[in-house]
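Visitor: The structure is given below, and queries will be raised subsequently.
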Amino acid sequence: MKQITLTIDAQYVALTPETEIINGNLCQLHKVQQQIKTAYHLLPEFVIITAPTGTGKSYAFPFPALQAKMNPKPFDEGSIRGLIVLPTNALINELTESFTQTYPQLTIKKLSSQELDATQAKGFNRWQEALKIATQADLLITNPDIINYAMHGGYHATGNYKKQGDSEFRTFIEKFQYLIFDEYHLYDEAQIANILTIVKLKQLIFSDSKQRVKFFFVSATPEPKLKTILEQEGYQYQEIIEEITNQPHNARAIHGKLETTFVYESNVNQLIQAYTPQIQQQIEQGNKALIILDRLRDVQELANYFTRIFPRFTVYQSTGYVNKAENHNQKIAQAHLIIATNKAEVGVNYDVTYCIMQPGKFYQNFVQRFGRVARGNKEGKIVIAIGKNTDFNKLENLFKNLSSIDYYTFLEKVNTVLQPKEFYDTQVPYYWGEYLWCIVNNIRTYQEYNTFKYLENRLNEAQMLEGKVAARYFLFNGIHDTIRKMLQLATGKEIGRGYLLNNYEHLQKYAPRTYQWFTWWQNYLKTYYTFRDGSVTVQVYDTITKTELDYSLDWILQHREILKRTIIQTEPYLIERYEIGNFIDQNKDIQYTVNTIPDVGIKGNNYLSYKEKFELPVVWSKAIERIYDKVSRGDADDELYQLQMELITKLERLKSTFSLKRLNIIEINTEDRFL
210 MKQITLTIDA QYVALTPETE IINGNLCQLH KVQQQIKTAY HLLPEFVIIT APTGTGKSYA
270 FPFPALQAKM NPKPFDEGSI RGLIVLPTNA LINELTESFT QTYPQLTIKK LSSQELDATQ
330 AKGFNRWQEA LKIATQADLL ITNPDIINYA MHGGYHATGN YKKQGDSEFR TFIEKFQYLI
390 FDEYHLYDEA QIANILTIVK LKQLIFSDSK QRVKFFFVSA TPEPKLKTIL EQEGYQYQEI
450 IEEITNQPHN ARAIHGKLET TFVYESNVNQ LIQAYTPQIQ QQIEQGNKAL IILDRLRDVQ
510 ELANYFTRIF PRFTVYQSTG YVNKAENHNQ KIAQAHLIIA TNKAEVGVNY DVTYCIMQPG
570 KFYQNFVQRF GRVARGNKEG KIVIAIGKNT DFNKLENLFK NLSSIDYYTF LEKVNTVLQP
630 KEFYDTQVPY YWGEYLWCIV NNIRTYQEYN TFKYLENRLN EAQMLEGKVA ARYFLFNGIH
690 DTIRKMLQLA TGKEIGRGYL LNNYEHLQKY APRTYQWFTW WQNYLKTYYT FRDGSVTVQV
750 YDTITKTELD YSLDWILQHR EILKRTIIQT EPYLIERYEI GNFIDQNKDI QYTVNTIPDV
810 GIKGNNYLSY KEKFELPVVW SKAIERIYDK VSRGDADDEL YQLQMELITK LERLKSTFSL
870 KRLNIIEINT EDRFL
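Quick note on this note's numbering: the sequence shown kicks off at 210 and runs consecutively.
And the structure:
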């Protein structure tokens, strides 16, 4: 195997004179920590923090709340409370535990589905419990999924909402003076736009004098186009960068020297088998070893392999394929060999000095993975499996004749080979238009009419509806209104704009096309309640690992033998349980049934192949074209014909934002599923 080796210099982060007691010890702070502690009130509305892994940036998150708590004013004036939004529940649990121990002066609360499940509340009552938890917290740690669901009115739309005090999303957000979005590099442009919709709502709901909120975006691998978006919107922001140095004077070590080897091997399993003696040697010397791979299947197969050949050692899979009750940190502490997916990229401290890793799909993945090894003043060794010969040759040319290199120069060179994730910032205004319309419409439909009218008036006053934002907002408004006119035509009655509250089931027989358009629009809008891509999750019993968990049916059907399928319940929603066995050759002969592509008499529109799932803009265009061909053969003088043609013209424009997030999969079929 071709390879090239060099050493990355030890990395240090400079210390400032400012101190704080952390974990009972008086510690000098780093620049990011010092800025948030001492200059919080001077910071603008938006702050972008770039700090490499291991620099302790998360320890700074509680400082504004802590300073306010330690220096109270009469009548709670000057009180500062924070909301921290993290991408995974595992990270939420880890940070909550850490902050509770480190900052006993603060009331730290976490808000996730587990906390809400523990209350046994259902429907809208879950939101009432969420508000109670938020009210108790100096610092609330949650995920973007709950924020998105609440912001879009998901809890209010569950059907049992009754006005019980002030329970709108505004009530939740106004409890906090600062919001921190950690690891924001993980989000795509649709999700960043979703997060920034909170800013838009804040502008609509609060006057600057009443409620000042600061927004922090934190990452080791920043997205440059976030600054572009903020600048285009005229938002004032400040960037705080934690610089790394190779000088140890008045600094803290964050990584020791790192022997780094790039190896060309197209088959990562063969590479790992070749390095197995080295892995064994590391473990026998008392060092933990870490392997980071791109695919869950590879992780599971390698875990089986190492469990067989290392019977005396504990092998742990650090992935999302786990029982929710599993103590992730405890398992890591007990393991000798950890095999991980991209879960390793987010916040986890594995305490390892030896690692074999794939670089990941993008440069951002590489940087996050690279930062997991040899933390503190420990020295380490990392082997990077390069699967493309062209990439290896480029790296070889960049690093030839170099025996050592500093951290930043190393990353600059790697960045020329591993391309960054594409971020389509020009799409953000379209998403804003969609999100704002959905939020306003859900308030009108499920919440308070007065709040809806206030927001509608403020949208005009604030001149927020301009350009692409306005185009998409009024496109959604037009689609909604055209379907309303269809319902009026079918029922012979005046239909209000809040018509989504009704089901119109009787129209299935008397006006089937109108009913199909209505149910499609209902299903399409429901996708905005979810922050991530829609997927079908089922209960799983893995007979190989003896594990009970919830996981993606899509992945199960592609990779594992189906031994038994049991229907647990059918109402109010389907719950299935699968017993799975050994791995199979990847099955791509899969058909997805969806309900967010209009099917009005075109049954083929409901079905997608595995390949089509990754070509959604093309799929959307073809689906609308098929509907046009069918409708255009009707009577041009017919009013329903005219309304459908008007609607089809509007729907063509949805192509640009039709993605996996708008795909609601209601069934996945493959031959093995029904065995």
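Here a beta-carbon is modelled for each residue, glycine too, at the ideal position from N, C-alpha and C. The structure displayed is predicted, hence computed values, not measured ones.
Using the three-state DSSP reduction, which class does Gln778 fall into: helix, strand or coil?
Guide: Reduced to three states, the DSSP call for Gln778 is strand.
Visitor: Out of Gln543, Arg578, Asn513, Asn532, which has the shortest C-alpha to C-alpha gap to Ile501?
Guide: For Ile501, the nearest C-alpha among the options comes from Arg578.
Visitor: Would you decide whether Lys411 is buried or exposed? Buried here means 16 or more other CB atoms lie within 10 Å of its CB.
Guide: Label assigned to Lys411: buried.
Visitor: Within the present structure, is the beta-carbon of Ile407 separated from the nearest heavy atom of the ligand MN by less than 7 Å?
Guide: Within the structure as shown, the ligand MN is missing, as the structure has no ligands at all.
Visitor: Quick check on this structure: which residue in Arg722, Ala483, Leu499, Tyr473 has the alpha carbon closest to the alpha carbon of Lys603?
Guide: Checked all of Arg722, Ala483, Leu499, Tyr473; the closest Cα to Lys603 is Tyr473.
Visitor: Could you tell me if Asn574 is buried or exposed, where buried requires 16 or more neighbouring beta carbons within 10 angstroms of its beta carbon?
Guide: When all chains shown are included, Asn574 counts as buried.
Visitor: With a threshold of 16 other CB atoms inside 10 Å of the CB of Ser288, please say whether the residue is buried or exposed.
Guide: Burial call: exposed.
Visitor: In terms of residue numbering, what span does the alpha helix (DSSP H) encompassing Tyr682 cover?
Guide: Tyr682 -> alpha helix (DSSP H) spans 676-700.
Visitor: With 16 other CB atoms within 10 Å as the buried threshold, where does Lys240 fall?
Guide: Buried: at least 16 other Cβ atoms inside 10 Å.
Visitor: Evaluate contact between the segment 417-436 and the segment 222-236, counting only Cβ atoms and requiring at least three cross-stretch pairs below 8 Å.
Guide: Cβ pair count under 8 Å is below three, so no.
Visitor: If I measure Cβ to Cβ from Thr351 and keep anything under 8 Å in the same chain, skipping five residues before and after, which residues do I get?
Guide: Counting only Cβ-Cβ distances below 8 Å, and skipping sequence neighbours, we find Leu292, Ile293, Val294, Leu295, Ile301, Lys319, Leu320, Ser321.
Visitor: For Ile799, I'd like the list of residues in its chain whose CB is within less than 8 Å of its CB, leaving aside the five on either flank, ordered along the chain.
Guide: Hits under 8 Å: Asp763, Leu766, Gln767, Ser818, Tyr819, Ile877, Asn878, Thr879.
Visitor: Whose C-alpha, out of Gln672, Ser613, Arg681, Asp347, is nearest the C-alpha of Tyr640?
Guide: Closest by alpha carbon: Arg681.
Visitor: For the structure I just gave you, are there three or more beta carbon pairs, one from the segment 217-225 and one from the segment 393-411, closer than 8 Å?
Guide: The segment 217-225 vs the segment 393-411: no contact.
Visitor: Using the rule of at least 16 other Cβ atoms within 10 Å of the residue's Cβ for burial, across every protein chain shown, is Phe823 buried or exposed?
Guide: It is exposed - the Cβ of Phe823 has fewer than 16 other Cβ atoms within 10 Å.
Visitor: Which residue spans inside the segment 721-752 form an unbroken beta strand (DSSP E) run of at least 3?
Guide: Correct list: 746-751.
Visitor: What does DSSP give as the partner residue(s) for Ser475 in the beta ladder?
Guide: The partner list for Ser475 (beta bridge, DSSP) is empty, contrary to what the question assumes.
Visitor: State yes or no: is the C-beta of Pro568 within less than 8 Å of the C-beta of Gln445?
Guide: No, these two residues do not count as a Cβ contact at 8 Å.
Visitor: Indicate whether Cys647 and Tyr708 have their beta-carbon atoms separated by less than 8 Å.
Guide: No, Cβ-Cβ distance for Cys647 and Tyr708 is not below 8 Å.
Visitor: With DSSP collapsed to three states, give me the class of Gln577.
Guide: Helix, per DSSP.
Visitor: Return yes when the Cβ of Glu861 is within less than 8 Å of the Cβ of Thr660, no when it is not.
Guide: No, the pair does not count as a contact, with Cβ atoms beyond the cut-off.
Visitor: Between the segment 738-747 and the segment 841-854, can you find at least three pairs of beta-carbon atoms closer than 8 Å?
Guide: No, because fewer than three Cβ pairs between the segment 841-854 and the segment 738-747 fall closer than 8 Å, the two stretches do not touch.
Visitor: Taking 7 Å as the limit between beta carbons, can you name the residues of its chain near Ser612, skipping five residues before and five after?
Guide: Cβ neighbours of Ser612 beyond the five flanking positions: Leu215, Thr216.
Visitor: Give the straight-line distance between the Cα atoms of Ser418 and Ala248, rounded to the nearest whole angstrom.
Guide: For Ser418, the predicted model reports a pLDDT of 48, less than 50, meaning its position is unreliable and no value from the coordinates is stated.
Visitor: Let me make sure I understand the geometry here. Which of Leu348, Asn551, Gln337, Ile382 has the alpha-carbon closest to that of Ile356?
Guide: For Ile356, the nearest C-alpha among the options comes from Ile382.
Visitor: Going by the DSSP bridge assignment, what does Val222 pair with across the sheet?
Guide: Ile453, Arg461.
Visitor: In terms of DSSP beta bridges, what is Tyr787 paired with?
Guide: Answer by DSSP bridge pairing, in chain order: Val749, Arg774.
Visitor: Please look up how many angstroms separate the CB atoms of Thr752 and Gly813, rounded, as I've assumed it's under 8 Å.
Guide: With a Cβ gap of about 37 Å, Thr752 and Gly813 do not count as contacting.
Visitor: I need the boundaries of the beta strand (DSSP E) containing Asp600, first residue and last residue.
Guide: Note, Asp600: premise wrong, no beta strand (DSSP E); alpha helix (DSSP H) at 598-608.
Visitor: Give me the Cβ distance between Phe425 and Tyr387, rounded to the nearest whole Å; I'm assuming they're in contact under 8 Å.
Guide: Going by Cβ atoms, the distance from Phe425 to Tyr387 rounds to 7 Å, so yes, they are a contact pair.
Visitor: Among Thr635, Gly687, Arg504, whose alpha-carbon lies nearest the alpha-carbon of Gly676?
Guide: Ranking the options by Cα distance to Gly676, first place goes to Thr635.
Visitor: Measure the alpha-carbon distance for Gln731 versus Lys622 and round it to whole angstroms.
Guide: Answer to the nearest angstrom: the Cα atoms are 49 Å apart.
Visitor: Pull up the CB-CB distance for Ile389 and Phe471, whole angstroms please, since I reckon it's below 8 Å.
Guide: The pair is not a contact, with the Cβ atoms about 35 Å apart (cut-off 8 Å).
Visitor: Helix, strand or coil for Lys411, going by three-state DSSP, please let me know.
Guide: Helix, per DSSP.
Visitor: Could you spell out the range, first to last residue, of the alpha helix (DSSP H) harbouring Gly291?
Guide: Element bounds for Gly291: not the alpha helix (DSSP H) but the beta strand (DSSP E), 291-294.
Visitor: Determine the direct distance from the alpha carbon of Thr858 to that of Lys540, and round the result to whole angstroms.
Guide: Between Lys540 and Thr858, the C-alpha separation is close to 55 Å.
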